[in-house]
Amino acid sequence: MAHDQVYVAETLAFYLKQVDGIFNRIFEIERKISYDIQRSVVDVNETSITVLKRYNRLKYISLLLFTLFAVGITYLVIIQISKIIIFRKKAELNSKKLLMAVEQSPVAIMITNTRGVTEYVNDSYVIKTGYTKKEVTGTRPYFFSNNGIYDFSEIVMATIQVGNTWSGEIETRNKAGITYWERVQISPVFNESNTISNFIIIREDITEKRQLTESLNESIENLKIITENLPVGILVVDDKQKILQINQTAAKTMGFDNIDEARHYINSNSYSQYFETMAQSHYHHVNSGLNVLTLEERLSIPINNI
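With the first letter of the sequence shown counted as 1, position 244 gets the number 354 in our numbering; the numbers rise by one all the way through.
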């Protein structure tokens, strides 16, 4: 009995000793694992710190580059906006100048749409026609209206709608019923797309000029009649030494049967072939302010032995 107890005690002591060794081994392994884990954590922390530093550095560089880019874009936008503002101010200034020039023009100016409906008239139009701007706005001018009085409206529209300019002299009436002559010029206005957007009409009062022209023509005709019936020979020569007029007496003196035959013969050759300058003199006409050249010439007509 005592022997068994001793055996059991020895066996128990042996296993306890083995257990102590095992536990010590486990503790060593546990300490090593714990050390390795702590070491790994430290490495991870150091790596994280390095990555974080790199991230922060890249973030600051990116932020700086973005800021510089944003500043550059903002600067360019400000410059472009400034140019646009300056361009618009210049355009507005030019538009104002143009509008003032049109408003203060001594000739009547109208602007219509592509259908010929009046959108604008200047002050000269109001003064010359007697119609107010309100009265004519939204109406069609007589040269656009086929009302049976003027039969050229279709010709006018056909001309200007293809981009050409039409002009002509027309006798018309103002609001008071007074007739007058005007030179009308109608031109198309093209937009940025090169299509017709409006028509501009310039109406110049030429009544006085026309009357002067008619009076001058009448005077010339009367002078021609007087010249042709004078008992002395008269030749009218221009500055290029071309015979413009010969009266009947001069034609007979030169040996021709009529005026046309004499003019044709002399103009078929140079002036110097028939006229030889014998003497000349100059003087200043005080009343007219003209310098007058007087020539004494000899006329020869070989065909008629004159």
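Beta carbons are placed, not taken as given, at the ideal position from N, Cα and C, and that holds for glycine.
Unbroken beta strand (DSSP E) run spanning residue i, endpoints
i	result
residue 308	306 to 315
residue 355	353 to 356
residue 297	289 to 300
residue 393	385 to 395
residue 275	Note, residue 275: premise wrong, no beta strand (DSSP E); not H, not E.
residue 345	345 to 347
residue 401	400 to 409
Sequence-distant residues of the same chain with beta carbon closer than 7 Å to residue i, five excluded per side
i	result
residue 381	351
residue 286	240
residue 419	Any answer about residue 419 is impossible in this case: the structure gives the chain only from 111 up to 416.
residue 388	406, 407 and 408
residue 362	none
residue 269	276
Given residue i as reference, the closest of the options once Cα atoms are compared
i	options	result
residue 349	403, 316 and 329	403
residue 252	228, 182 and 405	228
residue 277	271, 264 and 294	294
residue 366	412, 387 and 397	412
residue 239	290, 210 and 263	290
residue 386	204, 407 and 395	407
residue 306	281, 159, 273 and 279	273
residue 267	301, 225 and 279	225
residue 217	292, 341 and 319	292
residue 280	271, 187, 234 and 314	314
residue 377	135, 179, 242 and 347	347
residue 209	230, 167, 195 and 187	230
Proximal residues to residue i (C-beta, below 6 Å), its chain only, five neighbours per side dropped
i	result
residue 356	345, 369, 372 and 373
residue 334	none
residue 247	228
residue 393	402
residue 283	289
residue 319	none
residue 398	none
Contact under 8 Å by Cβ, residue i with residue j
i	j	result
residue 354	residue 384	no
residue 312	residue 299	no
residue 275	residue 303	no
residue 317	residue 343	no
residue 400	residue 390	no
residue 57	residue 308	Absent from the structure is residue 57, since the part of the chain shown begins at 111 and ends at 416.
residue 244	residue 236	no
residue 234	residue 205	no
Element boundaries [alpha helix (DSSP H), containing residue i]
i	result
residue 246	243 to 246
residue 377	369 to 377
Contacting residues, own chain, Cβ-Cβ under 8 Å from residue i (five flanking each side not counted)
i	result
residue 212	219 and 232
residue 139	none
residue 395	401 and 402
Can you list the beta strand (DSSP E) stretches of 3 or more residues lying completely in the region 175 to 256, in chain order?
-> 218 to 222 and 228 to 231
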